[in-house]
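Before any comments, here is the structure.
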Amino acid sequence: MVTLRALGPDDATALTRIYSGASIRHTTGKPLTLDQAHEKIRTALARATETPRAQWSWGIVATGEMIGLIALRRRSSSMGTLSYILREDTWGNGYATEAVKHVVDFAFTTAGLERLEAMHHPANPASGRVLAKVGFTRTGTSDRPADDGTAVAYQVYALPLPQAPLCR
Numbered sequence: 159m160v161t162l163r164a165l166g167p168d169d170a171t172a173l174t175r176i177y178s179g180a181s182i183r184h185t186t187g188k189p190l191t192l193d194q195a196h197e198k199i200r201t202a203l204a205r206a207t208e209t210p211r212a213q214w215s216w217g218i219v220a221t222g223e224m225i226g227l228i229a230l231r232r233r234s235s236s237m238g239t240l241s242y243i244l245r246e247d248t249w250g251n252g253y254a255t256e257a258v259k260h261v262v263d264f265a266f267t268t269a270g271l272e273r274l275e276a277m278h279h280p281a282n283p284a285s286g287r288v289l290a291k292v293g294f295t296r297t298g299t300s301d302r303p304a305d306d307g308t309a310v311a312y313q314v315y316a317l318p319l320p321q322a323p324l325c326r
């Protein structure tokens, strides 16, 4: 079972464990330092006080510890983007799928969004499987710059607000 919770000042060490090893291979490629983790938490706490709110960040908790981070960003009044990262020793247990389901529900109810988008690195097909399990549909690619100056075609997914069934 996965729960989501707001980040707190004591989460910096957990964030450095999450943002390390294979988990960061397709992100920055650089481990998060303790100072960077504290800054990430300060930023998340500051964004939590903004009105209107443009970003939500939650710790993903399973087996009694924070194993990942998931974020929802409002890109327009009706559209948001979703991102997530899990500690590599927790992969393959369905934790990302559960966390994404929680955030999708929040996005379409509490945040009032009508469409979500997410993307993943092409060498990380497991992330695409997570999105597909939750109902996202692959819509194409988006070129993102790599460190060597080349473009990498990230896989892009979308999920519209589910329509209520017609009454019969």
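Heads up: the sequence shown runs through residues 159 to 326, numbered per our numbering. Where is the CB? At the ideal position from N, CA and C, for every residue including glycine. Quick caveat, the model's predicted, so the values are computed rather than measured.
Where the alpha helix (DSSP H) containing residue i begins and where it ends
i      : result
Val334 : Only positions 159 to 326 of the chain appear in the structure, and residue 334 is not among them; the question remains open.
Val258 : 253 to 266
Arg129 : Given a span of 159 to 326 for the chain in the structure shown, any question on residue 129 remains unanswerable.
Ile182 : That residue, Ile182, is in no alpha helix (DSSP H); it is neither H nor E in DSSP.
C-alpha gap between residue i and residue j, whole angstroms
i      : j      : result
Val258 : Ile228 : 8 Å
Thr295 : Arg231 : 19 Å
Leu190 : Ala180 : 13 Å
Arg200 : Arg211 : 16 Å
Leu192 : Gly166 : 14 Å
Leu240 : Ala276 : 5 Å
Counted within 10 angstroms of its Cβ, other Cβ atoms place residue i as buried (16 or more) or exposed
i      : result
Gln321 : exposed
Arg183 : exposed
Lys188 : exposed
Ala195 : buried
Asp169 : buried
Rounded Cβ spacing between residue i and residue j (contact assumed at less than 8 Å)
i      : j      : result
Ser271 : Gly238 : First, the amino acid is wrong: residue 271 is Leu here, not Ser. Correct: roughly 5 Å between the Cβ atoms.
Lys198 : Leu162 : With a Cβ gap of about 16 Å, Lys198 and Leu162 do not count as contacting.
Those residues which DSSP pairs with residue i across a bridge
i      : result
Arg296 : Tyr315
His279 : Its beta-bridge partners do not exist; DSSP assigns none.
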